[in-house]
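For the sequence shown, counting from 1, position 74 maps to 77 in our numbering; every step adds exactly one. By construction, the Cβ of each residue, glycine as well, lies at the ideal position given by its N, Cα and C atoms. Data block below; observations after.
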Amino acid sequence: MQSRIFNKLGLVLIFLLLILVILRYSGVLSPIEGLFLKALNPIGTSIYGLEQKIKGIWAKEISREDYEKIKEENNRLIVENIKLNILKEENEELRGILNFTKPDQYKFLTAEILGRDPIFLNYFILNKGSDDGIKDGFPIVSPNGVLVGKIIKTEKKISTMIVPTDTNFETAVSVFGQSDNHTSGLVRGERGLGIKMEFIRQGENINKDDLVATSGLEFNMPKGLVVGRIVEVEKEDKVIFGTATVSPLVSYENLSMVMVILPQF
């Protein structure tokens, strides 16, 4: 009995579907279909908008990830570039050390500058000390042989140097210029601001751009280490000695490697 009922319902449904198909293709259902689509349009629009938002958020997340990767790679390249520049500077300094002609009676010990004294800014800390043979008063030169300081304090593993602009720095020097008289004098630091050459006898022929170098009259100080270049000569009448302003040939702040001069006894 039930199977007959299901068979009849199936036939009715098939018949109705056939009628709907005929009406659809004949255009009779077009007005009703339009109303149905209009009713569904807000729902479809909302679903489409939600889909686009999800796609947009996903695209932003991907872009942010790409940006972070690019940023990380850029930072890595910057660090690598800095390392290469440091290696280049160190190689140039080492090349200068190798090319510098060293007096036979002295030993040259290469040292690295660890930093500056937080209070006395003209004091530089070296990574070599008394265990390496360093003593107070030993001169220090740059990789190309320019006098850049003296040892003022020594410990076992480290030591402290002062640069020529410091008030506590002084050394005997001579002027090497157009004249061959090699005017002698003494250079002293001016409170970290510059270098002054003193005790220049009146009548001595010295000029701007003349080189100032060590005279070798000081104990443990080799002769001929360049200190700087004269930028101004100050002479006054009725004064026994004149003075001159000396400009360093190197920037002490930019030093990272130096050589301590040890005497060979």
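Beta-carbon separation (whole angstroms), residue i vs residue j, contact threshold 8 Å
{"i": "Gly-180", "j": "Val-166", "result": "Between Val-166 and Gly-180 the Cβ distance is about 24 Å, and since that is not below 8 Å, they are no contact."}
{"i": "Lys-131", "j": "Leu-112", "result": "6 Å"}
{"i": "Met-224", "j": "Thr-170", "result": "No, Met-224 and Thr-170 are not in contact; Cβ-Cβ is about 19 Å, not under 8 Å."}
{"i": "Val-178", "j": "Asp-213", "result": "5 Å"}
{"i": "Glu-207", "j": "Thr-246", "result": "Actually they do not touch by this definition, with Cβ atoms about 12 Å apart."}
{"i": "Ile-128", "j": "Asp-139", "result": "Actually they do not touch by this definition, with Cβ atoms about 15 Å apart."}
{"i": "Ile-203", "j": "Phe-244", "result": "6 Å"}
{"i": "Tyr-109", "j": "Pro-266", "result": "6 Å"}
{"i": "Val-249", "j": "Val-215", "result": "5 Å"}
Exposed unless 16 or more other CB atoms sit within 10 angstroms - verdict on residue i
{"i": "Leu-124", "result": "exposed"}
{"i": "Leu-38", "result": "Bear in mind that a pLDDT of 48 at Leu-38, under 50, signals an unreliable position, so the number given afterwards is only what the model happens to contain. Answer is exposed; the Cβ neighbour count stays below 16."}
{"i": "Val-144", "result": "buried"}
{"i": "Ser-162", "result": "buried"}
{"i": "Leu-220", "result": "exposed"}
{"i": "Tyr-126", "result": "buried"}
{"i": "Phe-172", "result": "buried"}
{"i": "Ser-218", "result": "buried"}
{"i": "Ile-264", "result": "buried"}
{"i": "Arg-191", "result": "buried"}
{"i": "Ile-137", "result": "buried"}
{"i": "Thr-168", "result": "buried"}
{"i": "Phe-141", "result": "buried"}
{"i": "Arg-67", "result": "exposed"}
{"i": "Val-242", "result": "exposed"}
{"i": "Pro-121", "result": "exposed"}
{"i": "Ile-100", "result": "Residue confidence for Ile-100 is low, a pLDDT of 49 falling below 50, so the modelled location carries little weight and cannot support an answer."}
{"i": "Met-262", "result": "buried"}
{"i": "Ile-89", "result": "Because the pLDDT at Ile-89 is just 48, under 50, the model does not fix this residue reliably, and the point stays unresolved."}
Coil, strand or helix - residue i by DSSP
{"i": "Lys-156", "result": "strand"}
{"i": "Lys-199", "result": "strand"}
{"i": "Arg-194", "result": "coil"}
{"i": "Ser-177", "result": "strand"}
{"i": "Ile-264", "result": "strand"}
{"i": "Lys-72", "result": "helix"}
{"i": "Ser-133", "result": "helix"}
{"i": "Leu-26", "result": "Model confidence at Leu-26 stands at a pLDDT of 49, short of 50, so the residue's coordinates are unreliable and nothing is read from them."}
{"i": "Glu-256", "result": "helix"}
{"i": "Leu-40", "result": "Confidence in Leu-40 is poor, its pLDDT being 44 and thus under 50, which makes the residue's placement unreliable; the coordinate value appears in the next sentence. Reduced to three states, the DSSP call for Leu-40 is helix."}
{"i": "Ile-89", "result": "Confidence in Ile-89 is poor, its pLDDT being 48 and thus under 50, which makes the residue's placement too unreliable to answer from."}
Min CB distance residue i to chain B below 8 Å
{"i": "Leu-196", "result": "Protein chains in the displayed structure number just one, and chain B is not present."}
- Message: Using a Cβ distance threshold of 8 Å, determine whether the stretch 225 to 244 contacts the stretch 153 to 162, with at least three qualifying pairs required.
- Response: In the pairwise beta carbon analysis, the stretch 225 to 244 is classified as not touching the stretch 153 to 162: fewer than three pairs are separated by under 8 Å.
- Are the stretch 114 to 122 and the stretch 182 to 199 touching by the rule of at least three beta carbon pairs closer than 8 Å? The stretch 114 to 122 is not in contact with the stretch 182 to 199.
- Message: I want to know whether the stretch 234 to 243 touches the stretch 185 to 193 - three or more CB-CB distances under 8 Å.
- Response: Because the criterion of three Cβ pairs below 8 Å is not met, the stretch 234 to 243 and the stretch 185 to 193 do not touch.
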